[in-house]
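Q:
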Amino acid sequence: MLIFTFSLSCSQKKDNMQNNIEINSKNIVEEITSKVKHYDYEPRYFIEIGQNMGNAEIFVNGLPVYRNFEEESVSTSVSINHCIFRSGVQKITYKIYTDSPAHSFLELNVKEFDNKKHDAPGKEVIMHRSRALVKNVDYNTTPYEYTFEFKATVPYQLNQPKEYKNLKKLGNDVLNAELKERYGKIKNLYENKDIDGLARAVYPSMSNQYISEYNDSTVKTGWNELTEVYKNTTLKMQDAESYDTEISEDGKFARFIQKSTDPRLKHRSVLWGLYKVGGKTKAMFNSSSFYLTEGKTKLEIY
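If you count the sequence shown from 1, you need to add 5 to reach the working numbering.
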């Protein structure tokens, strides 16, 4: 039996060096916990998703938050605070894949909740429904893509640049070579079971997640769950049979995605592994995206 699970996306940007602290597996929990702040009002943003007759992917500010190639009709919700870097205008991009355009649509309802009042109803920020798709068009080959905006107000500011270089202008050969180098370095951390290296790699991404969700109570649990996978002696990194380079609509983020026809692997990260727990085989995906800060020459990893 093959069960698919997720790992947090990794980032290797060493913002921790500003405080002259070398992050490792022993201090990562304490360092992240110390950065989480609490406020009188703690806004949490979610997208409520209604998907009918087709498959879909959703991105917030260029980062993937939802993908579904296994079910044609879905009703679910996803948290997006970790993709909201600071207050202001936020962008949602979605893609619809379908061979039944007359019956396919996507409804997205962005809602805001108070993190301190779990039972209180949220308030609607924006409701969006995809337009009627053109009949007799195979959107599985060329998906329908659309971007819309909404405003968010958050009390935090995540460690992301204000100015990104457009990766669409970097050149395919240069971008792909940079991506291969970055993926190779992270893959080596897994294969060598370099837990301290993995702690340094995942630190910025983990801290962004917990800071944006005002969550200082489960950092230790989250790190322990990751290290259980990292240390698993059966973990074996896998190779993608073929892949594409995906660049976000605004050119800020890029990643390699699998071209597999298996709906469980389609458009997943090429950086993935299989491991066993209790006789069951599970999959680990590192869903890193890469960006280039304006004025710099090396890709950084989110």
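Glycine included, C-beta positions come from ideal geometry on N, C-alpha and C.
Note that the coordinates shown come from a computational prediction; the quantities given were computed from them, not determined experimentally.
Enumerate, from N- to C-terminal direction, the unbroken alpha helix (DSSP H) stretches of 4 or more residues contained entirely within the region 173-210.
A: Listed in chain order, the complete alpha helix (DSSP H) runs (minimum 4 residues) inside the region 173-210 are 177-196.
Q: My assumption, with CB atoms under 8 Å, is that V159 sits in contact with I89. Please give the rounded CB distance.
A: Yes, they are in contact, since the Cβ atoms of V159 and I89 sit about 6 Å apart, within 8 Å.
Q: Assign F153 to one of two classes, buried (16 or more other C-beta atoms within 10 Å of its C-beta) or exposed (fewer than that).
A: By the 10 Å Cβ count, F153 comes out exposed.
Q: Taking 8 Å as the cut-off, does the region 208-224 touch the region 39-46 (at least 3 CB pairs, one atom from each stretch)?
A: Yes, the region 39-46 is in contact with the region 208-224.
Q: Measuring CB to CB, does I101 end up less than 8 Å from Y144?
A: Their beta carbons are under 8 Å apart, which means I101 touches Y144 by this criterion.
Q: Tell me the rounded alpha-carbon separation between E53 and W228.
A: For E53 and W228, the distance between alpha carbons rounds to 28 Å.
Q: If we require 3 or more residues per run, which beta strand (DSSP E) segments fall completely within the region 85-116?
A: Counting only runs of 3 or more, we get 93-102.
Q: Looking only at its chain, what residues have a beta carbon closer than 6 Å to the beta carbon of S253, apart from the 5 residues adjacent to it on each side?
A: G67.
Q: Since N213 and N164 are thought to touch, with beta carbons under 8 Å apart, how far apart are those beta carbons, to the nearest angstrom?
A: Their Cβ separation, rounded to whole angstroms, is 7 Å, which keeps N213 and N164 in contact under 8 Å.
Q: Using only alpha-carbon positions, find the residue among P268, E230, G256 that is nearest to K174.
A: It is G256.
Q: Measure from the alpha carbon of Q80 to the alpha carbon of each residue in N73, F74, Q56, then state which is nearest.
A: Inspection of the sequence shows that residue 80 is occupied by Ser rather than by Gln. The residue with the shortest Cα to Cα distance from S80 is Q56.
Q: Three Cβ pairs or more, each shorter than 8 Å: is that satisfied between the region 188-202 and the region 111-127?
A: Result no; under three Cβ-Cβ pairs closer than 8 Å.
Q: Is P268 near the ligand SAH, judged by its Cβ being under 7 Å from some heavy atom?
A: Of the ligands one can find in the structure shown there are none, so the ligand SAH has no counterpart to examine.
Q: Contact check, V94 vs K225 under 8 Å by CB: the rounded distance?
A: Contact doesn't hold; Cβ gap of about 35 Å is too wide.
Q: Is the region 238-251 touching the region 265-280, taking contact as three or more C-beta pairs under 8 Å?
A: With a cut-off of 8 Å, the region 265-280 and the region 238-251 count as touching, because enough Cβ pairs lie within range.
Q: Between which residues of its own chain and A107 is the CB-CB distance below 6 Å, once the five residues before and five after are set aside?
A: Contacts found: K140.
Q: Quick check on N213: does DSSP put it in helix, strand or coil?
A: Looking at N213 - three-state DSSP - the assignment turns out to be helix.
Q: What residue does the alpha helix (DSSP H) around N229 start on, and which one ends it?
A: Here the alpha helix (DSSP H) through N229 covers 224-236.
Q: Do you know how far the Cα of R269 is from the Cα of E75?
A: C-alpha separation (whole angstroms): 7 Å.
Q: Compute the Euclidean distance between the alpha carbons of V282 and G300, then round it to the nearest angstrom.
A: Looking at the two C-alpha atoms, the distance is approximately 45 Å.
Q: Use the C-beta contact count for G278: other C-beta atoms within 10 angstroms, 16 or more gives buried, fewer gives exposed.
A: When all chains shown are included, G278 counts as buried.
Q: What's the gap between the Cα of L138 and the Cα of Y46?
A: Approximately 40 Å between the Cα atoms of the pair.
Q: Per DSSP, which one or two residues make a beta bridge with F155?
A: Note: F155 sits in a beta bridge opposite Q95.
Q: Helix, strand or coil, according to DSSP, for I28 in the structure here?
A: The answer is coil: DSSP assigns I28 none of H, G, I, E or B.
Q: With DSSP run on the structure shown, which of helix, strand or coil describes K42?
A: In this structure, K42 counts as coil in the three-state DSSP scheme.
Q: Could you check the C-alpha separation between V83 and K303 for me, to the nearest Å?
A: Each residue's Cα considered, the two are about 31 Å apart.
Q: Determine the extent of the beta strand (DSSP E) in which M289 is found, giving its start and end residues.
A: Here the beta strand (DSSP E) through M289 covers 285-290.
Q: Helix, strand or coil for V142? Go by DSSP, reduced to three states.
A: In this structure, V142 counts as coil in the three-state DSSP scheme.
Q: Taking Cβ to Cβ, would you say M58 is nearer than 8 Å to S109?
A: In contact: M58 and S109 (Cβ atoms closer than 8 Å).
Q: Look up S80 in the DSSP assignment and give the residues it is bridged to.
A: According to DSSP, S80 bridges with G55.
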